[in-house]
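What follows is a set of notes on a single structure, which appears directly below.
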Amino acid sequence: EITQVSVGGGMITVSANGGGEVVEIKISKELLSDDVEMLEDLLLSGVNEAIRKAKEKVREKMSALTGGISIPGI
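Heads up: the sequence shown begins at 1 in the working numbering, then just goes up one per residue.
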């Protein structure tokens with residue numbers, strides 16, 4: 001399952017899968033004319049948030065499958 005998050009008011013959208021891999025990054029053309037530091041900060045924020053949300057979805061699904069039993073490392 002793909003998790004998608006947007007940061008910077010939707011100027012950057014990052015999609016990640018349940019394995020924590022970023023599968024797509026979309027950048028608004030408006031950002032390309034702004035300063036590079038802002039672009040870097042937004043990319044970092046978006047990637048980290050997408051991975052965090054994708055992992056949380058995996059934990060929720062595993063919890064539902066295991067009846068709430070905690071499995072180390074998952």
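For every residue, glycine included, the Cβ atom is placed at its ideal position computed from N, Cα and C.
What you are looking at is a predicted structure, and each value in this text was computed from that prediction instead of being measured.
Helix, strand or coil at residue i according to DSSP, with G and I counted as helix
{"i": "residue 6", "result": "strand"}
{"i": "residue 69", "result": "coil"}
{"i": "residue 15", "result": "strand"}
{"i": "residue 21", "result": "coil"}
Anticipated Cβ contact below 8 Å, residue i with residue j, distance rounded
{"i": "residue 64", "j": "residue 14", "result": "At roughly 25 Å, the Cβ-Cβ gap does not stay under 8 Å, so residue 64 and residue 14 are not in contact."}
Exposure label - residue i; buried when at least 16 CB within 10 Å
{"i": "residue 44", "result": "exposed"}
{"i": "residue 32", "result": "exposed"}
{"i": "residue 8", "result": "buried"}
Inter-residue spacing [alpha-carbon to alpha-carbon] between residue i and residue j
{"i": "residue 24", "j": "residue 62", "result": "24 Å"}
{"i": "residue 26", "j": "residue 12", "result": "6 Å"}
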